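Right, one structure below, let's go through it.
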Amino acid sequence: MTKSQGLVVRLTRLSAAKPSDELVDELADMLAGNLSEEEKRYPPPSITIVPSCYDSYREKVALIEFNGGIPRFLSALADNPLCEWQVVFDNTDVSFDQRFFGFTQLYSTTSEAETTAEYVYFDQQQQSQVGSDRVMLTSRHNSIIAIRGLDGHPHGSWRGRGNLRRVWLKDFLARDLPFCRTMIYGYNSQLSSAGVEIITDYGRGSASRIEQNPKHEGSESCDTTLLKDHAS
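Heads up: the sequence shown begins at 1 in the UniProt record's numbering, then just goes up one per residue.
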């Protein structure tokens, strides 16, 4: 494996018709079948299935973290981080990449916050509970779009420096804001690449993509919060 601990790649064009747990199992088998015996000694990759930000009715996306480094069959991604590598999976051409251009959702959302609160009625004189109610707490749909700075990585820029290397946008907001669609937005801002773009070009491109990005399924309105990383 090419050493790059905790490297996350994106796999796009997966069919949305298949349940996510089945996709995880089948992807794990596909990945294992492409690993060498030496590479199989590393911890297995972790796989997260999320909706496509562009056609969630037909496509899903997998976020795959290779804990021991990127495997040899995907070495093209290590040699050229801006390329993509296609394979056939479930009779469909799917694409691996680590550039994360465009929008990528980091975790699946619930239609409403699956949170309940219990109200207990207590008789002070009798010192006993006389009844209780459970109430579903809900929240309106919201979106967070995180945009990394120049020469940063759309996903890696949000990873913590602790030994667990948590991506707080995914690992913490999935727990605290399960109803919020949290996305990263990637664009080619590598300082080492040849280009003629200026910062306003990136701004216009980002604004255009945000306007085109679909809202929550089943939601007519949605508040969007932008997070900008200036310290990549």
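Just so you know, even glycine gets a beta-carbon here, dropped at the ideal spot from N, CA and C. Quick caveat, the model's predicted, so the values are computed rather than measured.
- Item | Residue burial classification, TRP158 (beta-carbon count within 10 angstroms, cutoff 16) | buried
- Item | Proximity below 8 Å, CB of VAL88 to CB of THR12 | no
- So what does DSSP say about LEU169, is it helix, strand or coil? helix
- Beta-carbon contacts of LEU35 that lie in its chain and below 6 Å, excluding the five residues immediately before and after: PRO71
- Task: Just the C-alpha distance for MET183 and PHE96, rounded to the nearest angstrom, thanks.
- Result: 18 Å
- Task: Please say whether LEU106 and VAL61 have beta carbons closer to each other than 8 Å?
- Result: no
- Message: What does the alpha-carbon distance come out to for the pair SER52 and ARG181?
- Response: 11 Å
- Item | Assigned exposure category for PHE172 - 16 Cβ within 10 Å defines buried | exposed
- Of the choices ASP176, LYS170, PHE179, GLY186, whose alpha-carbon is the least far from that of THR48? LYS170
- Item | beta strand (DSSP E) segment containing ALA62, residue limits | 59-66
- Query: LEU77 lies in the alpha helix (DSSP H); which residues open and close that run?
  - Reply: 75-79
- Please classify THR138: is it buried, with 16 or more other beta-carbons within 10 angstroms of its beta-carbon, or exposed? Reliability fails at THR138, whose pLDDT of 43 lies under 50, so the model's placement of it is uncertain and no value is given.
- Message: Between which two residues does the alpha helix (DSSP H) holding SER20 run?
- Response: 20-33
- Message: Measuring alpha carbon to alpha carbon, tell me which residue in ASN142, GLN86, VAL8 is nearest PHE179.
- Response: ASN142
- Query: Just reading off the beta strand (DSSP E) that PHE84 is part of, what are its end residues?
  - Reply: Just to set this straight, residue 84 is Glu in the shown sequence, not Phe. From DSSP, the beta strand (DSSP E) with GLU84 extends over 84-89.
- Query: What are the residues that DSSP puts in a beta bridge with THR104?
  - Reply: ILE184
- Message: At the level of alpha carbons, what is the spacing between ASP79 and ALA174?
- Response: 32 Å
- Query: So what's ARG161 in DSSP terms, helix, strand or just coil?
  - Reply: coil
- Task: Would you list the one or two residues that DSSP bridges to PRO44?
- Result: Paired residues: none, contrary to the question.
- Between the Cα of HIS155 and the Cα atoms of ARG161, ASP176, TYR185, ASN91, which residue gives the shortest distance? TYR185
- Between the C-alpha atoms of LYS18 and THR104, what's the straight-line distance to the nearest angstrom? 19 Å
- May I have the straight-line CA-CA distance separating GLU84 from TYR187, to the nearest angstrom? 14 Å
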